[in-house]
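See below for the structure under consideration.
Residue numbers (this note's numbering): 109 to 527.
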């Protein structure tokens with residue numbers, strides 16, 4: 109009897125529930141709550157398009173039904189989107205509604221730090237908004253020994269997960285040209301077996317992108333001598349670099365216009381590979397691939413820009429104190445390079461090539477003093493100016509902090525060979 113009681117209780121409970129349900133259904137005044145129906149709609153449609161070569165913004169937007177007054181309203185809401193400055197290859201994302209024939213939202217990346225959003229609004233045809241992309245910095249330390257060339261060593265050492273290829277090039281070029289361009293000729297001073305310690309800033313965006321920020325500190329051993337660099341921003345926020353003793357690395361002239369090896373040195377007698385005769389070679393040739401940027405070694409004014417005999421496409425710059433520099437065998441000129449234009453040190457004035465009397469891609473560099481060529485590799489560039497007294501304490505803190513990170517592994521360490 110005791111074992112049957114639970115079963116009997118379940119049967120009675122079921123009968124009670126069934127009776128109540130029958131009574132409810134029979135009552136005309138009883139209304140049970142009913143949830144709202146869930147309506148499934150088609151998702152928004154996204155279309156990605158790219159500004160093509162030779163195409164205008166109006167042509168791109170016309171493909172998506174944005175024309176006439178609608179296009180004028182869109183451009184008025186986006187002053188940062190200057191039609192004449194948008195270059196081929198810029199990507200635009202269009203969001204279409206469920207049934208709308210025209211997009212209701214447009215998104216495009218203006219630069220690494222900004223995204224432009226354009227949305228159709230009720231009060232205005234279009235409303236524009238700039239989204240700032242946040243980049244979080246972190247230090248990365250490189251340490252090792254040179255194998256073949258420093259460029260190739262660093263290229264092999266840094267994986268794509270740390271810096272993508274274009275950013276890797278930026279870091280290496282900044283090291284060779286922007287930091288040590290006055291002290292080290294990377295084409296001849298660094299050889300296999302030389303040591304290096306490099307600390308640079310890696311930036312990561314909220315979207316997972318990585319890019320090169322700036323060089324923080326470095327030590328390079330070249331021909332038995334250690335060269336150091338520590339960053340200390342100046343009053344305008346520009347990155348300035350000083351050595352261990354607090355002397356500026358910047359000089360009036362850089363050692364070379366490109367960070368590549370010398371293929372032919374300054375000589376009063378050299379056998380010319382094209383003319384097949386012995387003649388003076390009053391400059392220095394640097395091996396450089398076609399299209400490699402060539403920068404001015406000092407501030408100056410353009411004297412000549414264009415073809416000039418055996419020099420091919422050449423740029424000549426006039427500097428103070430009767431000095432002139434020449435850059436020859438270029439494939440093309442840099443933007444805005446024409447006679448009378450002012451250029452600053454490090455500005456790209458042209459691109460390497462093999463025009464004129466050249467049998468391989470390279471850059472021919474000459475240094476003239478009062479109209480006569482002198483050997484640019486033997487110039488005494490003097491000492492740099494010291495850290496301003498008002499910034500001395502800040503420099504000491506920077507040197508101590510970054511010096512410790514150079515000696516001890518930073519949060520990220522990439523090491524090659526013995527340290």
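Yeah, the Cβ is synthetic: ideal placement off N, Cα and C, and Gly gets one too. Note that this is a predicted model, so its numbers are computed, not measured.
Residue of the options minimising C-alpha distance to residue i
| i | options | result |
| --- | --- | --- |
| residue 437 | 401, 449, 426 and 452 | 401 |
| residue 408 | 373, 415 and 457 | 457 |
| residue 367 | 290, 424 and 494 | 290 |
| residue 230 | 240, 212 and 221 | 212 |
| residue 188 | 314, 269, 216 and 497 | 216 |
| residue 397 | 418, 419, 439 and 360 | 439 |
| residue 228 | 279, 347, 511 and 179 | 179 |
| residue 195 | 164, 209 and 269 | 164 |
| residue 420 | 441, 405 and 433 | 441 |
| residue 259 | 284, 268 and 359 | 284 |
| residue 236 | 182, 173 and 296 | 182 |
| residue 388 | 394, 399 and 374 | 374 |
| residue 498 | 417, 239, 390 and 343 | 343 |
| residue 151 | 197, 172 and 206 | 206 |
| residue 435 | 515, 415, 450 and 233 | 415 |
| residue 177 | 197, 234 and 214 | 234 |
| residue 172 | 160, 255 and 209 | 209 |
| residue 422 | 390, 399, 448 and 459 | 459 |
| residue 584 | 316, 326 and 232 | Residue 584 is absent from the structure shown; the chain starts at 109 and stops at 527. |
| residue 220 | 240, 226 and 443 | 240 |
| residue 428 | 267, 479, 191 and 321 | 479 |
| residue 347 | 514, 190 and 503 | 503 |
Pair within 7 Å by beta-carbon distance, residue i and residue j
| i | j | result |
| --- | --- | --- |
| residue 306 | residue 250 | yes |
| residue 477 | residue 431 | yes |
| residue 323 | residue 308 | yes |
| residue 186 | residue 224 | yes |
| residue 154 | residue 203 | yes |
| residue 158 | residue 199 | yes |
| residue 413 | residue 445 | yes |
| residue 201 | residue 257 | no |
| residue 473 | residue 392 | yes |
| residue 492 | residue 357 | yes |
| residue 454 | residue 403 | yes |
| residue 74 | residue 350 | Residue 74 cannot be examined here, being either before or after the span of the chain that is shown, 109 to 527. |
| residue 299 | residue 244 | no |
| residue 487 | residue 359 | no |
| residue 494 | residue 354 | yes |
| residue 293 | residue 364 | yes |
| residue 310 | residue 246 | yes |
| residue 433 | residue 463 | no |
| residue 394 | residue 506 | no |
| residue 222 | residue 238 | yes |
| residue 242 | residue 166 | no |
Strand pairing of residue i, partner residues [DSSP]
| i | result |
| --- | --- |
| residue 362 | Bridge partners of residue 362: none, in fact. |
| residue 189 | Looking at the DSSP assignment, residue 189 forms no beta bridge with any residue, so it has no partner. |
| residue 279 | According to DSSP, residue 279 bridges with nothing at all. |
| residue 347 | 341 |
| residue 462 | None; residue 462 has no bridge partner. |
| residue 219 | 222 |
| residue 372 | 393 |
| residue 433 | 425 and 475 |
| residue 200 | 157 and 216 |
| residue 246 | 310 |
| residue 356 | 350 |
| residue 413 | 423 |
| residue 236 | 226 |
| residue 440 | 459 |
| residue 403 | 456 |
| residue 257 | 255 |
| residue 211 | 204 |
| residue 451 | 408 |
Check: residue i C-beta below 6 Å from any heavy atom of the ligand FMN
| i | result |
| --- | --- |
| residue 429 | Judged by which ligands are present, the structure shown has none, so any question about the ligand FMN falls away. |
Cutoff 7 Å: residue i Cβ touching any chain D Cβ
| i | result |
| --- | --- |
| residue 165 | Of the chains in the structure shown, none is chain D; there is only one protein chain. |
Segments of 3+ residues assigned as beta strand (DSSP E) that fall wholly inside the region 288-340 = Segments of the beta strand (DSSP E) lying fully in the region 288-340: 303-313 and 318-330.
request  = Count the C-beta pairs between the region 333-342 and the region 244-264 that are closer than 8 Å, then say yes if the count reaches three, no if not.
outcome  = Taking 8 Å as the limit for Cβ pairs, the verdict is that the region 244-264 does not touch the region 333-342.
ask   = Would you call the region 315-334 and the region 457-474 touching, i.e. three or more CB-CB distances under 8 Å?
value = Cβ pair count under 8 Å is below three, so no.
key: Those runs of the alpha helix (DSSP H) which lie wholly inside the region 475-525 and span at least 4 residues   = Scanning the region 475-525 from its first residue to its last, the whole alpha helix (DSSP H) runs of 4-plus residues come out as 500-515.
query = Is the region 483-501 touching the region 273-284, taking contact as three or more C-beta pairs under 8 Å?
reply = The answer is no - the region 273-284 does not touch the region 483-501, with fewer than three Cβ pairs under 8 Å.
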